[in-house]
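Only one structure is covered here, and it is reproduced in the block below.
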Amino acid sequence: MAIRNVRLDTDEILRKKSKKVEVVDDKIRELVDDMIETMHQKDGVGLAAPQVGVLKRVVVIDLYDDKGPYVLINPEIIKEKGEQEVDEGCLSFPNKFAKVIRPAEIIVKALDRDGKEYKLKGKGLLAQAISHELDHLEGILFMDKIIPGTLEVVK
1 MAIRNVRLDT DEILRKKSKK VEVVDDKIRE LVDDMIETMH QKDGVGLAAP QVGVLKRVVV
61 IDLYDDKGPY VLINPEIIKE KGEQEVDEGC LSFPNKFAKV IRPAEIIVKA LDRDGKEYKL
121 KGKGLLAQAI SHELDHLEGI LFMDKIIPGT LEVVK
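Just so we're aligned: the sequence shown equals residues 1 to 155 in the numbering used here.
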């Protein structure tokens with residue numbers, strides 16, 4: 001496992017759409033392991049492959065409870081319900097935080113690190129993290145969704 005460099009706000013790879021993972025192989029599992037290690041080292045809740053310079057549809061999320069980390073390969077939203085106004089930050093935008101609107105509940109289907117399909121239902125913070133990270137796969141950044149006047153820069 002290795003810590004990977006997190007791409008920052010002006011890196012154009014963050015604006016590109018990620019490609020579907022055709023085969024979950026050792027190379028993808030290595031990427032997943034590196035992403036989890038990188039996310040933990042940076043104290044992040046989620047990380048998408050484009051944030052480490054890889055345009056693949058791979059996301060990892062960890063709420064630091066007894067359930068994670070979650071691995072979502074080729075995730076697809078099945079259902080969204082309600083909305084929540086949340087404070088949000090992003091490892092690609094260090095020290096920047098703002099309020100955004102995210103789904104209150106979300107259901108996704110994805111492949112796990114072994115290539116098996118599963119469904120994940122998230123509420124609250126998990127729904128927020130899933131929505132945020134799946135946006136990265138489409139080249140959408142949290143800065144695109146901030147509620148005007150709520151951006152804070154913390155030194």
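C-beta: ideal position from N, C-alpha, C; glycine also. Since this is a predicted model, take the numbers as computed values, not measurements.
What whole-angstrom Cβ distance do residue i and residue j have, given they're in contact under 8 Å?
{"i": "ARG7", "j": "GLN51", "result": "6 Å"}
{"i": "PRO69", "j": "VAL59", "result": "Not confirmed; about 10 Å, so no contact."}
{"i": "VAL100", "j": "ILE146", "result": "6 Å"}
{"i": "VAL54", "j": "LEU111", "result": "Not confirmed; about 16 Å, so no contact."}
What residue from the options has the CA that sits closest to residue i's CA?
{"i": "LEU125", "options": "MET143, PHE97, VAL86 and LEU134", "result": "VAL86"}
{"i": "ASP43", "options": "ILE130, ALA98, PRO94 and GLU152", "result": "PRO94"}
{"i": "PHE177", "options": "ILE77, ASP144, ILE73 and ALA2", "result": "Only positions 1 to 155 of the chain appear in this structure, which leaves residue 177 out of reach."}
{"i": "VAL32", "options": "LYS155, LYS56 and LYS81", "result": "LYS56"}
{"i": "ASP65", "options": "LYS109, PRO148, ALA110 and HIS40", "result": "HIS40"}
{"i": "LYS156", "options": "LYS99, LYS17, LEU72 and VAL100", "result": "Any answer about residue 156 is impossible in this case: the structure gives the chain only from 1 up to 155."}
{"i": "LYS79", "options": "LYS116, ILE130 and VAL21", "result": "ILE130"}
{"i": "LEU14", "options": "THR150, GLU152 and HIS132", "result": "HIS132"}
{"i": "HIS136", "options": "LYS99, ASP114, LEU91 and VAL153", "result": "LEU91"}
{"i": "LYS121", "options": "GLU37, LYS81 and GLU12", "result": "LYS81"}
{"i": "GLU88", "options": "GLU22, ARG113, ILE106 and GLY46", "result": "GLY46"}
{"i": "LEU134", "options": "LYS19, ASP114, ASP26 and ASP9", "result": "LYS19"}
{"i": "GLU22", "options": "MET1, LYS116 and MET35", "result": "LYS116"}
Locate the alpha helix (DSSP H) running through residue i, then write down its first and last residues.
{"i": "ARG29", "result": "26 to 41"}
Would you identify the three-state DSSP class for residue i, choosing helix, strand or coil?
{"i": "ASP87", "result": "strand"}
{"i": "ILE130", "result": "helix"}
{"i": "LEU72", "result": "strand"}
{"i": "LEU111", "result": "strand"}
{"i": "GLU12", "result": "helix"}
{"i": "LEU151", "result": "coil"}
{"i": "VAL52", "result": "helix"}
I need the boundaries of the beta strand (DSSP E) containing residue i, first residue and last residue.
{"i": "ALA48", "result": "46 to 48"}
{"i": "PRO94", "result": "93 to 102"}
{"i": "TYR118", "result": "117 to 123"}
{"i": "ILE61", "result": "58 to 61"}
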